[in-house]
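> Structure below; questions to follow.
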Amino acid sequence: MFTGSSPFADYVDTTFLFIVGISTLVLIGLMGAMVYFVFRYSRKKNPHPTNIEGNLPLEVAWTVIPLILFMGMFYMGWEGYKQMIDVPKGAIPIKVTARMWSWTFEYPNGLQTDTLYVPVKEPVKLTLTSQDVNHSMYIPAFRIKKDAIPNRENIMWFSTPEVRSYDIACAEYCGLRHAYMYTKLVALDPPAFEIWYRDKSAEASKPYAPLIPGVSEFK
Ligand SMILES: [Cu+2]
-1 MFTGSSPFAD
9 YVDTTFLFIV
19 GISTLVLIGL
29 MGAMVYFVFR
39 YSRKKNPHPT
49 NIEGNLPLEV
59 AWTVIPLILF
69 MGMFYMGWEG
79 YKQMIDVPKG
89 AIPIKVTARM
99 WSWTFEYPNG
109 LQTDTLYVPV
119 KEPVKLTLTS
129 QDVNHSMYIP
139 AFRIKKDAIP
149 NRENIMWFST
159 PEVRSYDIAC
169 AEYCGLRHAY
179 MYTKLVALDP
189 PAFEIWYRDK
199 SAEASKPYAP
209 LIPGVSEFK
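The following block contains the structure:
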């Protein structure tokens, strides 16, 4: 945990800690008050129940403070969501098809692979769908997840910070081999990516045109 990447990881982690922090404070406050009342108003100490009629400042406080806290959580969640749906212009479009129990990635020229190769630091836009049941594409290191649903296209985007590989998992129970529905995302240097893309396209007899503008100088 907290070694995430992609443009969202730090923001998601901060939001997560913020919510867990507030929840912890609320838990401690509630439990503390409960235990205090159990002793303070036990039968021994308070044999005759007192009837308490309203307390305006207290009622305003317990309405307004949680309202501010919860609106704060909502705001942070909304801000994060906006970053995730705001796909940068020029992102490399890749189609993702899920099925029981594997993933296929299709590049703009029709080249298909079962491992997702991308150039490092370039924004990538995934369009997800499914051939059978509901799946969900989850890249834990990037803190992003999106459902892949039959007859529907969902969008997500990311960019990778470094040259390395990352896990991709299915996060929606989709049958017997759901737990094995893993693949990898491999981030390559832009020239290495273009070489990979050119060679794989040639193998699959697909037309090749560079995906990253300005990276045509590789040998
Ligand atoms: Cu699945």
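This note's numbering applies: residue -1 is where the sequence shown begins, and numbers increase by one.
Glycine included, C-beta positions come from ideal geometry on N, C-alpha and C.
1. Pair every Cβ in the segment 116 to 133 with every Cβ in the segment 60 to 67, then say whether three or more of these pairs are closer than 8 Å.
2. Look at the Cβ atom of Gly78, then the Cβ atom of Tyr136, and state whether they are nearer than 9 Å.
3. Could you give the uninterrupted runs of the beta strand (DSSP E) lying entirely in the segment 72 to 103, keeping only those of 3 residues or more?
4. Grab the span of the beta strand (DSSP E) containing Ser163 for me, first residue to last.
5. Does any heavy atom of ligand 1 sit closer than 8 Å to the C-beta of Ala139?
6. For Tyr218, is the classification buried or exposed, using 16 other Cβ atoms within 10 angstroms of its Cβ as the cut-off for buried?
7. Under DSSP, the alpha helix (DSSP H) around Val131 begins and ends at which residues?
8. For the alpha helix (DSSP H) that Leu25 lies in, which residues bound it at each end?
9. Return yes when the Cβ of Leu186 is within less than 9 Å of the Cβ of Ile166, no when it is not.
10. Quick one: which unbroken alpha helix (DSSP H) runs of 4-plus residues sit fully inside the segment 179 to 211? Chain order, please.
11. Check Thr158 in the structure and name its three-state DSSP category.
12. Does the Cβ-Cβ distance between Arg141 and Ser4 come in under 9 Å?
13. Thinking just about the alpha-carbon of each residue, which of Gly212, Pro205 and Val85 is nearest to the one in Gly108?
14. Check the C-beta distance from Lys143 over to Ser134 and give it rounded, since I have them as a contact under 8 Å.
15. Who are the near neighbours of Val131 in its chain, counting only those whose CB is closer than 6 Å to its CB and skipping five residues on each side?
16. Is Phe37 buried or exposed, if buried means 16 or more other CB atoms sit within 10 Å of its CB?
17. Less than 9 Å between the C-beta atoms of Phe191 and Val116, yes or no?
Reading it off the structure:
1. no
2. no
3. 90 to 97
4. Ser163 to Cys168
5. no
6. Only positions -1 to 217 of the chain appear in the structure, and residue 218 is not among them; the question remains open.
7. Val131 -> no alpha helix (DSSP H), and no H or E assigned at all.
8. Ala7 to Arg38
9. no
10. 188 to 201
11. coil
12. yes
13. Pro205
14. 6 Å
15. Cys172
16. exposed
17. yes
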